[in-house]
Every structure is written in structure tokens, then in C-alpha cells.
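Chains C and B, in that order, give the protein sequences.
Counting from 1, position 3 in the first sequence corresponds to residue 3 in the working numbering; the numbering is continuous, with no gaps.
Here the working numbering runs 1000 ahead of the position in the second sequence, where the first position is 1.
Don't be surprised by glycine CBs; every beta carbon is placed ideally from N, CA and C.
The structure presented is a predicted model; accordingly, all values stated were derived computationally and were not measured.
The structure appears right after this line, and notes come after that.
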Amino acid sequence: QQQVKQSPQSLIVQKGGISIINCAYENTAFDYFPWYQQFPGKGPALLIAIRPDVSEKKEGRFTISFNKSAKQFSLHIMDSQPGDSATYFCAASSGTYKYIFGTGTRLKVLA
Amino acid sequence: DGGITQSPKYLFRKEGQNVTLSCEQNLNHDAMYWYRQDPGQGLRLIYYSQIVNDFQKGDIAEGYSVSREKKESFPLTVTSAQKNPTAFYLCASSVGSTTLAEQFFGPGTRLTVL
Chain C
1 QQQVKQSPQS
11 LIVQKGGISI
21 INCAYENTAF
31 DYFPWYQQFP
41 GKGPALLIAI
51 RPDVSEKKEG
61 RFTISFNKSA
71 KQFSLHIMDS
81 QPGDSATYFC
91 AASSGTYKYI
101 FGTGTRLKVL
111 A
Chain B
1001 DGGITQSPKY
1011 LFRKEGQNVT
1021 LSCEQNLNHD
1031 AMYWYRQDPG
1041 QGLRLIYYSQ
1051 IVNDFQKGDI
1061 AEGYSVSREK
1071 KESFPLTVTS
1081 AQKNPTAFYL
1091 CASSVGSTTL
1101 AEQFFGPGTR
1111 LTVL
């Protein structure tokens, strides 16, 4: 019940396309869902986060869509650029320090 | 510049040896964390510290030890008891230990056991 399932494992998108990464969870106590971006050899950095009281949050080209009833949330990257090529992790937390991370999606945006 | 530094960037260890990974932050954060990252897996929590001189085990603490003698420093020792220590180790910190306290990550240390 503590798992966060992330898909796909890898994703290749043409420049200008939309990248979509999905995560699903079981624990209904989760109340915070961040997305992290990690470049090779670097630590992850917070990209965008959402709480379950909203269904969508947008920051620039990055949007989180949240479906509370389905217990799913997704990251959409609009107008994907080669500089977006990185590994993306979703995570979930239930009011404490402890984050449960997904297994990561390696995104490659072709120029 | 405020941030988290980890050293060394790469570390090689012979089997049976203990090794200590350094983590320092100048963000004045109270909470600090150690994660392990393996290929194809998410980050897994090793140890966590909310305040100086206090720390708790995470999900995979066996074979690891930590200390928190100073607010800025949270070193991780990988002992010979850790069966499969080759991995990428990430240190993180946050202002507090609640959900809304964003965790900031260091650049990581890649440990290889020869």
C-alpha cells in the first residue's frame, strides 16, 4: 500500500511534443505529490507539486493532473525540449517527512 | 551560495572496509536525510534526522550508520555489514520535517565496491 507505481520506464518524444508520465498510488492518506527532475550525475530537484484539493496545477510548460478517485496523477510537459531530457520521479507523502518515490522515467527529447 | 555539498563525488571501496560519505548544508535546515538510488528503482530512505543529536532509521538502514553532531553535517558510514553497497547515495535537507518542507538534494556520491 506504500508503493507508488510510475510508468513508463522510458519515454522518447520529438521536440515540441507532449511528454506524459503517470503515477498511481493506493494509500488514500497521501496528501502531497511532488515531481522531481534529475539530470545524470546530479541530485533530484523539485519541479512541481500538488495537493489533492486541486485537480490540476500548471507551472510554465509543466502541468500536474490529479485524479483523486482513480488515485492517479500525471506530469505533462508541453512543447518538450531537448533540455528536458532527464529522469523524472513522482513521489507521495502523508503529512510527514517520508516520501515514497516512484521508480523513475527516463525521458529523451529528440532535437 | 547556499546549498548541500557531498563528498567525494566518486568513491571506491574494497570489500570488508567501512567508508564514510560526507554531507554538509549551509541552508540552516533542521532536517537531513540519506537516500540510496539504484538503477531502475526509486529513492529509498536510509536514515533521517530532525534535529542535532537525534536520528531515526529509514526503510533500509541495515549496514549503515549516521551521526548528527552539528546542524550542518550528517555523515553516513557504509559498514562492511552492508551486503550490496554499490549505489548512488543522495543527501537531502529540509527546513522542517513536515510534508510541505521541500527536500533539497545534494549532487550525490557514487560508491563502488571492488
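First and last residue of the uninterrupted beta strand (DSSP E) at residue i
i: Ala45/C; result: 45-50
i: Met1032/B; result: 1031-1037
i: Ile1060/B; result: Run containing Ile1060/B: none; DSSP gives neither H nor E here.
i: Ile12/C; result: 10-14
i: Ile21/C; result: 19-25
i: Ile1051/B; result: That residue, Ile1051/B, is in no beta strand (DSSP E); it is neither H nor E in DSSP.
i: Asn67/C; result: 62-67
Residue i, buried or exposed, once every other Cβ within 10 Å from all chains shown has been counted against 16
i: Phe30/C; result: buried
i: Gln1041/B; result: exposed
i: Ala111/C; result: exposed
Residue i beta carbon near the ligand ZN (any heavy atom closer than 6 Å)
i: Ile21/C; result: Of the ligands one can find in the structure shown there are none, so the ligand ZN has no counterpart to examine.
Rounded separation between residue i and residue j - CA only
i: Ser1065/B; j: Asn1084/B; result: 15 Å
i: Asn22/C; j: Ser7/C; result: 5 Å
i: Phe1055/B; j: Arg1068/B; result: 7 Å
i: Ser10/C; j: Lys108/C; result: 8 Å
i: Val1019/B; j: Gln1037/B; result: 17 Å
i: Asp84/C; j: Ile1051/B; result: 36 Å
i: Glu1024/B; j: Phe89/C; result: 24 Å
i: Ala1061/B; j: Lys57/C; result: 35 Å
Beta carbon proximity, residue i to chain B, threshold 7 Å
i: Pro44/C; result: yes
i: Thr105/C; result: no
Within-7 Å CB hit, residue i to chain C
i: Phe1012/B; result: no
i: Leu1076/B; result: no
i: Leu1043/B; result: yes
i: Phe1055/B; result: no
i: Leu1111/B; result: no
- Query: Residues in the region 75-92 of chain C with C-beta within 7 Å of chain B's C-beta atoms, listed in sequence order?
  - Reply: Taking 7 Å as the Cβ-Cβ cut-off against chain B, the residues of the region 75-92 of chain C that qualify are Phe89.
- Message: Can you pull out the residues from the region 1013-1029 of chain B whose beta carbon lies closer than 8 Å to at least one beta carbon of chain C?
- Response: Those would be none; no residue qualifies.
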